[in-house]
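S.K.: First the structure, then my questions, so here it is.
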Amino acid sequence: MDEPAWAEEDAGPIVRPYALTGGRTRHDSGAVLDLIDLIAAEDAEPTAAMELGPEHLLIRRMSVEHPSVAEVATELDLPVDVVRVLLGDLLRYGLIRVRKPASVSRLPDARLLKEVMDGLSAL
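Residue numbers are given in full-length UniProt numbering: position 104 of the sequence shown equals residue 104, and the series is strictly consecutive.
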């Protein structure tokens, strides 16, 4: 019997990435998701009414460790745009939050830190 064209010997059935998003190419959460944005889990729990797939639930479990959008895409082996749609779903349901990484400009500069250390040493 011939195998269908959508099956591979090693990988099994092929699921196109857009099938994971229901054909959507953009999320409707309103958030702009950069590659370096960090994902964190919210306290809310998923419900059956949320219609979440296994990828959503995996992202939710991963978000406990605050991965970046790029890390989620890498871990799931999915295109970033597909991951953005899945993250948008989770944002809309209040299951995750997205935060920007600390800006380098907001960190104290090395000269200031050295002066503080010198001042503490002088005490």
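C-beta atoms are modelled at their ideal positions from N, C-alpha and C, and glycine is treated no differently.
Which word fits Arg-16, buried or exposed, when buried means at least 16 other C-beta atoms lie within 10 angstroms of its C-beta?
M.R.: In the sequence shown, the residue the question calls residue 16 occupies position 16. Answer is exposed; the Cβ neighbour count stays below 16.
S.K.: Using DSSP with H/G/I as helix, E/B as strand and the rest coil, what is Arg-97?
M.R.: As a first step, residue 97 is located in the sequence shown; it is residue number 97 there, counting from the start. Three-state DSSP puts Arg-97 in a strand.
S.K.: Does the count of Cβ pairs from the region 39-46 and the region 56-66 closer than 8 Å reach three?
M.R.: At 8 Å Cβ cutoff, the stretches touch.
S.K.: Exposed or buried, which one is Leu-35 when buried takes at least 16 other CB atoms within 10 Å?
M.R.: Sequence index remark: in the sequence shown, residue 35 carries index 35 (1-based). Flag for Leu-35 reads exposed.
S.K.: Hey, how far is the Cα of Glu-115 from the Cα of Ser-68?
M.R.: As a first step, residue 115 is located in the sequence shown; it is residue number 115 there, counting from the start. As a first step, residue 68 is located in the sequence shown; it is residue number 68 there, counting from the start. Going from the Cα of Glu-115 to the Cα of Ser-68 covers about 34 Å.
S.K.: Inspect the beta-carbon positions of Val-98 and Ala-44 and report whether they are closer than 7 Å.
M.R.: Reading the sequence shown from its first residue, position 98 is the one you call residue 98. Reading the sequence shown from its first residue, position 44 is the one you call residue 44. Not a contact, by the Cβ cut-off of 7 Å.
S.K.: Nearest by alpha-carbon distance to Asp-28: which of Pro-46, Arg-84, Leu-112 and Pro-79 is it?
M.R.: Along the sequence shown, one-based indexing puts residue 28 at 28. The option with the nearest alpha carbon to Asp-28 is Arg-84.
S.K.: Could you please give the first and the last residue of the uninterrupted beta strand (DSSP E) stretch that includes Ala-70?
M.R.: Taking the sequence shown and counting its residues from 1, one reaches residue 70 at position 70. First-last for Ala-70: 69-76, but that is the alpha helix (DSSP H), not the beta strand (DSSP E).
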